[in-house]
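Per my numbering, the very first residue in the sequence shown carries number 41; after that it's consecutive.
Yeah, the Cβ is synthetic: ideal placement off N, Cα and C, and Gly gets one too.
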Amino acid sequence: MSLHQPLGRRAEAGHPVTLGVIGAGRLGTEVLAQARRVPGIRVLAIAERDPERARRAATDAGWPDDALTHDDIAAARRAGTTAITDDPFALIAAEGLEVVLDATAEAAPGVEHARACVEYGRHLVMANLAADVIAGPLLAAEFEQAGLVYSLAYGDQPGLICEFVDWARTAGFAVTAAGKGTQYLDSFHLATPTNVWDLYGIPVERAQQLGLNARTYTAALDGTKAGIEMAAVANATGLSAPPRGLRFAPVGVSDLAHVLRPASVGGKLDRAGEVEVVSSLERDGRPVADHLRWGIFLVLEAPDDHVARALGGYGLRTDVSGHYAALTRPVHLAGLEMTISVASAALRGEPTGAPRTFAADVVTVAKRDLAAGEMLDGDGGACAWGMLLPAATSRSLNALPIGLSRQVRLTAPVPQGEVVTRDHVALDDTDEAVRARRAMTALMSA
């Protein structure tokens, strides 16, 4: 199961895994910080719309100036440096590139990057979950047909949860629930880029000094990010989305196995095998004891009394019956761990999680009364948040996916709290994400 040793052999042979990183935001910067320290991985190029931002990111990540060049990628490859380009498609097409890591955030560019990777024969680590949740099952099928790897990103919570689920199933356990922790209150659904720093308790000036993105933090607080991440997990593992959306129950580590078991045995789940998110805050705002705000969890069911006794003997936290047990990982390291996915794709030809089915969707819900003629501003905006629902429910509602809600004009009013449907908007049929979603829905319905 080692990746470090075969990477070392690639390094010794002078043939490192070549990586291209698209996007130099926080996630991309974290990837750069660690990738240069991994023997057997070489960052061939970084693509960013603002090349100077990419240079600053690499510098912040500890790269020496002489390791970077604005020359063309072929020249950088010959010189042993890393090229910076404003053209992601030039990066993807670069000779000798093996793996692309997409650390961007918008659905349509992510789909376009994926399609270009198939065209040029590159494995893809898709850290762009907006694109994955819009069309991941379709894209993964296209990569598989081409003999390439399409992978969720290890270090992001969905990739880590997929590993948890695979481990449990391979060990013979039924997965009762899997998910992550977050900070949640009901009022957070109405968060906007204008009030988000107040809700986080961060002075606006401090947020600006740190370069924090208000839209990113709004999506994390209003429930959209949690919904997108759990949709990615459901589509990769076949676990179910809760029928009425994520519960965000305030649950600490000690109570996971008790609360996240089926209602038929005293828990809160509609059925066994659901994704879920737990809150680190009680509904009155007090912190939950032994919360899991930055971590992930899995609740499994013992198949018989013998295994139940064994689980208790190994110190797992169980419910009162001893038949449901919880495992947790308290943190995730995001981009700092993503070289695991890069190495797995290049050396094993295996993803660290990949969508296989259309089990869950993230639909657009109005944060306030919306008027006909208004322009929706997408995830992390002031107009709407993204709610996780089963894919079948999304289809029956004709719901607008949150990933298609940016710069889309409403043709009819939508009351606060209602789902925005495709009948409420005029979609651009030439948009790559719109076309990919339609193709994915058709593929999964066939």
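For arginine 388, the closest C-alpha among the options Gly375, Val139, Arg246 is that of Val139.
A contact between stretches requires three or more CB pairs, one per stretch, nearer than 8 Å, and the segment 280-297 meets this requirement with the segment 316-334. Residue burial is scored here from C-beta neighbours: glycine 306 has fewer than 16 other C-beta atoms within 10 angstroms and is therefore classed as exposed. For glycine 267, same chain residues with a beta-carbon under 7 Å away, outside a window of 5 residues either side, are Leu286, Val402, Gly426, Met427, Leu428 in chain order. In the DSSP assignment, tyrosine 190 is bridged to Leu164.
If you draw a straight line from the Cα of glycine 335 to the Cα of threonine 379, it comes to about 19 Å. By the criterion of a C-beta distance shorter than 7 Å, glycine 199 is surrounded in its chain by Leu192, Ala193, Ser381, Thr392, Gly393, once the five residues flanking it on both sides are discounted.
For phenylalanine 337, DSSP records a beta bridge to Gly219, Thr368. When the beta-carbon positions are compared, threonine 258 and threonine 232 come within less than 8 Å of each other. Counting C-beta pairs with one atom in each stretch, the segment 202-220 and the segment 243-255 have fewer than three that are closer than 8 Å, which means they do not touch. As for any beta strand (DSSP E) of minimum length 3 sitting wholly inside the segment 424-482, the runs are 424-430, 446-450, ordered along the chain.
Check the Cα spacing between glutamate 472 and each of His110, Gln45, His153: the tightest is with His153. In the DSSP assignment, leucine 416 falls within the beta strand (DSSP E) that extends over 415-417. Annotation: tyrosine 364 to phenylalanine 204 spans about 16 Å, alpha carbon to alpha carbon.
Annotated three-state conformation of serine 294 is helix, per DSSP.
Within the segment 235-293, the complete alpha helix (DSSP H) runs of at least 4 residues fall at 236-240, 244-249, 254-261, 264-277. For the set Pro104, Ala148, Ala432, Leu309, the Cα lying nearest the Cα of arginine 475 is the one of Ala148.
If you draw a 10 Å sphere on the C-beta of aspartate 196, you find 16 or more other C-beta atoms in it, and that means buried. When secondary structure is reduced to three states using DSSP, glutamate 316 falls in the strand class. Between the alpha carbons of glycine 80 and alanine 53 lies a distance of about 9 Å.
For arginine 82, the uninterrupted beta strand (DSSP E) segment begins and ends at 81-87. About 51 Å separates the beta carbon of proline 343 from that of aspartate 409, a gap too long to meet the 8 Å contact definition. Counting every other CB atom within 10 Å of its CB across the protein chains shown gives valine 317 a total of 16 or more, marking it as buried.
Measuring C-alpha to C-alpha distances from leucine 137 to each of Ala386, His110, Thr397 identifies Ala386 as the nearest. Taking C-beta atoms as the reference points, cysteine 202 and threonine 277 count as a pair closer than 8 Å.
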